Each structure stands twice: as C-alpha cells, then as structure tokens.
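A short write-up of the structure that comes next.
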Amino acid sequence: MNFELFIAKRIIGSKSYKSSVSAPIIKIGITAIAIGVVVMLIAISTGLGLQKKIREKVVAFNGHVIISNYDNNASNESLRPLSINQEFYPEFRTVTDVDHIQAIVHKFTVIRTETDFEGVFVKGVGQDYNWNYLKDFLIEGELPEYTNDYSNDVVISQYLANRLEFKVGDSFQAVFGEDVNSMPRIIKYDIVGIFNSGFQDLDQTFIIGHIKHLQRINKWKADEVGHFEVFVNDFEKLDQTAIQIYQNIPSLLNATKVSTKYATIFEWIKIFDKNTYGIIGIMILVAGINMITALLVLILERTQMVGILKALGSHSWSIQKIFLINASYLVGVGLFWGNLIGLSLLFAQQKFKLFPLDPSVYYVSEAPVYINIDYIIWLNLGTFVVCLLMLLIPSAIITKISAIKAIRFQ
991 MNFELFIAKR IIGSKSYKSS VSAPIIKIGI TAIAIGVVVM LIAISTGLGL QKKIREKVVA
1051 FNGHVIISNY DNNASNESLR PLSINQEFYP EFRTVTDVDH IQAIVHKFTV IRTETDFEGV
1111 FVKGVGQDYN WNYLKDFLIE GELPEYTNDY SNDVVISQYL ANRLEFKVGD SFQAVFGEDV
1171 NSMPRIIKYD IVGIFNSGFQ DLDQTFIIGH IKHLQRINKW KADEVGHFEV FVNDFEKLDQ
1231 TAIQIYQNIP SLLNATKVST KYATIFEWIK IFDKNTYGII GIMILVAGIN MITALLVLIL
1291 ERTQMVGILK ALGSHSWSIQ KIFLINASYL VGVGLFWGNL IGLSLLFAQQ KFKLFPLDPS
1351 VYYVSEAPVY INIDYIIWLN LGTFVVCLLM LLIPSAIITK ISAIKAIRFQ
C-alpha cells in the first residue's frame, strides 16, 4: 500500500480524529460542500429546465424557423399568400437537420358571445400539422383531425375558456372582417379541446382551427398559405441550420429564427446562464475556503506528527499528500451528501411539483427540473478538482515546519 495513503487512512479511521478539536471545523467544511452542491444542482437543473420549457412553448406555436414573404413585416396575420409548390415542401431534403415542415395561415378574428367578445388570431393548420408539441399542453377534450373537407373543430386555450366561460362541446361565432366595403364573414366553431401551455402571451393570442376556412375567407387558392413553420432536430445548432434554410429557399422568401422573432424572451432566458455561473463560482469559493480552514486546523493539530515524519526522512511533498488525501476524503463526503440531498429534492420537485411559480412572470406554473447525468458528473468533478487545487496553497505550510520545533510543539 502507498505510504501516504496508509497514513491518511489511519488518521481518518482513528477515534481521536473524530473527537479532536478540529472535528467541528471539519464537519462545518463538509456541510459547506454539501450545501454548495445542493445549491449548484438546483441552480443548474432549474435554470436549464426553465430555458428548455420556455423554448418548447414558443417553438410549439411558431416552429424553430418561419419561412414567409418579406412584406409580412412583424404582423401575426398572413398578409400575402405563399404557394406550397416549393422545392422544400413537404420535405426539406436539402437541409439534413430539418425534422418537419408545415403550412400555416394566421387570420385575426373576434370571438363573439351573448355577453362578451375577444380578439384573437386563428392559426389555420392542415393535414401536415404536427400535433405532438400541443399534445403535451392538452388538458381537456381531444385534438381535432383535419382532412380535405371543411372542419369547424377548434382547440382553444384554458385562458380564453375561463375568460369567455367556454367548455369542451360549446360553440361560438368567430367574426372575420375583410375590408370596410364588405360584410364580415362569420364562422361557427365547435370546441373539441382545451390546452394550457402556461405561456399566457401565446395562450391569449391563438386558437387553432382548420386552414381551409381561412383560405376561403382570404379568397386564396387551396395551394396558397401564409407561411411555413420549420422544426429542426437540434436547437443548439439553430443558428447554422437557419442559415442553411435561408440559403436553400427562393430569394423572395425570408427565414426568421424563433429566437429572433421573440428576441426579448430568448435574451431574458440567456440571463439564467450568467446567474447559474455566478452561483457555481460563489458556492465553490465558499466551500473551498471552509476546506482550507479545516485543512489548516488539521495540519496544526498534527504538527508533532509532521515533525516526526520529517525526522524519519519524509519529504515535505510526501507529507502534503497525506493531508491532501485526507482533505480529498472530506470533499468526497461533502459531495456524496450534497448529491444525495440535491437529487432527492430535484426528483421530488419533478414528481410532486412542490414549488409553484407565477406563469405571468416565468411562463411556467411550477419550477421545471432538467436532470442530466453529464452536468452532474462535470459539476462534481469540477468542484472536486477546484477544491483540491485550492488546498494546495495551505498544504504548503508543511514545508515551513521545522522538524525539531515540531517535535517539541505542545
């Protein structure tokens, strides 16, 4: 067995070690590391979870990239038709990272009831629409099935249902204005499903209905739509994929990233990264300082042992390794308890939704949790290495200890 490891294990296993003057300080150091790991795990998992959830909600209503005419400006309404007879539709074969593409029409309408009214956009979708994103938000009823025949089935948000006192099975009139010189068009819609994305800005803006009604009201042909929504496989590569999409569509069309369309929201969630890095830095610094204090007390408590080992011919670095191994064990204990407590809290939040949030501020109704083995490993490894590097400085005090004075030290 390695000499330094053997001595370190004897120190750790001795009863005097557990009842010595340094024992409370060591416990404080271990506790500081455990608390630091808990805080870092919660900060990372909730930060990533919040980013992921908000991103998914925005993408569900817009796709990752929107292909449209240049003259649509920033309007939600589809102003000028776009033919579906494009090389990139219905499959975008020239860009490998594209997962799905669907044709959409947006049209403003006023929902009219006997006692109230509400202005919203109808998102007209067809057979190519991918319902998988919205399926996660469905809380009541079912999703419609659209074919080539006209369908009056629509899905509305819980926000609108509560505001207008609607429920599944109810019907309402949607009034569409064309221009000041013509009579408005009225469509009777039947509610088949209610969704709640938790993203109030979008929930209060859109209802989802059949595209054919909007094409007819706009006097568009069956092969004309407002824009295309493109979904990609990897959001982390969205910038590169968006450039490839733009390069592979006609020059008269524009490709807009969802992160550009909702720049304020995406800039806001980027701040979470800075906050998370700040928390990690502070927690590691606090844990490291506590471990430095514990190691210094440990060295001073065993000054005589240091002198004896030096008198027997041990090098300063060899004795330093004994205390570093000892400190590594303490850091490991702190990491173990920190991970146990931190992951238990995260799994509890994931399962029981213990900590609610205000959806009007955070766009989600509870603190989302994203658990990934990669960041857990890197967090633990980084904390261990940084703490160990910080402990190299106080362990250098051993080189200053004189063997004769240390043996006589009381």
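First residue of the sequence shown? That's 991 in our numbering, and the numbers climb one at a time after it.
We treat Cβ as the ideally placed atom computed from N, Cα and C, and that holds for glycine.
Since we're looking at a predicted model, the values are computed, not measured.
Subject >> Residue range of the unbroken alpha helix (DSSP H) whose run includes K1390 >> reply: No alpha helix (DSSP H) holds K1390; DSSP gives it neither H nor E.
Original post:
What number of angstroms, rounded off, separates the C-alpha of L1378 from the C-alpha of L1133?
Top reply: C-alpha separation (whole angstroms): 56 Å.
Subject >> Of the residues K1178, L1325 and V1088, the one placed nearest I1367, counting alpha carbons only >> reply: Nearest C-alpha to I1367 among K1178, L1325 and V1088: L1325.
Original post:
Helix, strand or coil: how does DSSP classify N1152 here?
Top reply: Helix at N1152.
Original post:
For V1321, which of helix, strand or coil comes out of DSSP?
Top reply: In the structure shown, the three-state DSSP call for V1321 is helix.
Original post:
Residue ranges of each alpha helix (DSSP H) run of no fewer than 4 residues wholly in the stretch 1122-1153, ordered along the chain?
Top reply: You should have 1122-1125.
Original post:
For V1359, does the three-state DSSP call read helix, strand or coil?
Top reply: V1359: coil per DSSP, three-state reduction.
Original post:
Cβ-heavy atom distance between G1322 and the ligand SAH below 8 Å?
Top reply: The ligand SAH is not among the ligands present in this structure, which contains no ligands whatsoever.
Subject >> P1346 - partner residues in DSSP beta bridges >> reply: Its beta-bridge partners are E1356.
**OP:** Check whether the Cβ atoms of I1184 and V1158 lie closer than 9 Å to each other.
**Re:** Contact: yes.
**OP:** Please report the Cβ distance between V1112 and L1204, rounded to the nearest whole angstrom; I am assuming they are in contact, meaning their Cβ atoms lie under 8 Å.
**Re:** V1112 to L1204, Cβ: 6 Å. Contact.
**OP:** Check whether the stretch 1222-1242 touches the stretch 1119-1137, taking contact to mean three or more Cβ pairs, one atom from each stretch, closer than 8 Å.
**Re:** No: fewer than three Cβ pairs fall under 8 Å.
**OP:** Have a look at V1100, T1086 and S1334 and flag the residue whose alpha-carbon is nearest the alpha-carbon of E1168.
**Re:** Of the residues V1100, T1086 and S1334, the one whose Cα lies closest to the Cα of E1168 is V1100.
Original post:
What did DSSP end up calling H1096 once you bin it into helix, strand or coil?
Top reply: Strand at H1096.
Subject >> H1179 in three-state terms, based on DSSP >> reply: The sequence shown places Tyr at residue 1179, not His. Of the three classes helix, strand and coil, the one that applies to Y1179 here is strand, per DSSP.
**OP:** Please classify T1250: does DSSP put it in a helix, a strand, or coil?
**Re:** Secondary structure of T1250 (DSSP, three-state): helix.
Original post:
Within 10 angstroms of its Cβ, does D1224 collect 16 or more other Cβ (buried), or is it exposed?
Top reply: The residue in question, D1224, is exposed, as its Cβ has fewer than 16 Cβ neighbours within 10 Å.
Original post:
According to the neighbour-count rule (16 or more other Cβ atoms, all chains shown, within 10 Å of its Cβ), is N1265 buried or exposed?
Top reply: Exposed, by the Cβ-count rule.
Original post:
Under three-state DSSP, which class holds K1113?
Top reply: K1113: strand per DSSP, three-state reduction.
**OP:** State the beta-bridge partners of W1161 as determined by DSSP.
**Re:** The question names Trp, but residue 1161 is Ser in the sequence shown. S1161 is bridged to D1180.
Original post:
Which residue or residues does DSSP assign as beta-bridge partners of H1200?
Top reply: H1200 is bridged to V1115.
Original post:
Candidates I1016, V1215 and N1142: which alpha carbon is nearest L1076's?
Top reply: A quick correction: the sequence has Gln, not Leu, at residue 1076. Of I1016, V1215 and N1142, the residue nearest in Cα terms is V1215.
Original post:
On the premise that I1034 lies in contact with L1369, defined as a C-beta separation below 8 Å, what is that separation, rounded to the nearest angstrom?
Top reply: The C-beta separation of L1369 from I1034 comes to about 7 Å, placing the pair in contact by the 8 Å criterion.
Original post:
Nearest-angstrom Cα distance between G1039 and L1336?
Top reply: Rounded to the nearest angstrom, the two C-alpha atoms are 11 Å apart.
Subject >> Residue from V1287, F1221, K1047 and D1160 with nearest C-alpha to K1125 >> reply: Cα-wise, what sits closest to K1125 is K1047.
Original post:
Do you know how far the Cα of R1000 is from the Cα of E1291?
Top reply: If you take the alpha carbons of E1291 and R1000, they lie about 15 Å apart.
Original post:
What do you reckon, are the CB atoms on I1269 and V1028 nearer than 9 Å?
Top reply: I1269 is not a Cβ neighbour of V1028, given a cutoff of 9 Å.
**OP:** Under 8 Å by Cβ, that's how I've got S1309 and V1296 pegged, so tell me the actual separation to the nearest angstrom.
**Re:** In the sequence as presented, Ser is not what sits at residue 1309; that position holds Ile. About 6 Å separates the two Cβ atoms, so the contact holds.
Subject >> Proximity below 9 Å, CB of S1385 to CB of I1289 >> reply: In contact: S1385 and I1289 (Cβ atoms closer than 9 Å).
Original post:
Using the C-alpha atoms, what's the distance from V1085 back to V1351?
Top reply: Cα to Cα, V1351 sits roughly 36 Å from V1085.
Original post:
Hey, would you say F1162 sits closer than 9 Å to L1154, going by beta carbons?
Top reply: In contact: F1162 and L1154 (Cβ atoms closer than 9 Å).
Subject >> N1059 - partner residues in DSSP beta bridges >> reply: L1243.
**OP:** Alpha carbon to alpha carbon, how far is E994 from I1298? Give it in angstroms, no decimals.
**Re:** Inter-residue distance for I1298 and E994 is about 14 Å (C-alpha atoms, whole angstroms).
**OP:** Counting only the same chain and skipping the five closest in sequence on each side, list residues whose C-beta sits under 7 Å from that of R1175.
**Re:** Residues of the same chain with a CB within less than 7 Å of the CB of R1175, apart from the 5 flanking positions on each side, are F1166, E1168 and I1207 in chain order.
Subject >> Straight-line gap, N1138 to I1074 (C-alpha atoms, nearest Å) >> reply: Taking the straight line joining both Cα atoms gives about 15 Å.
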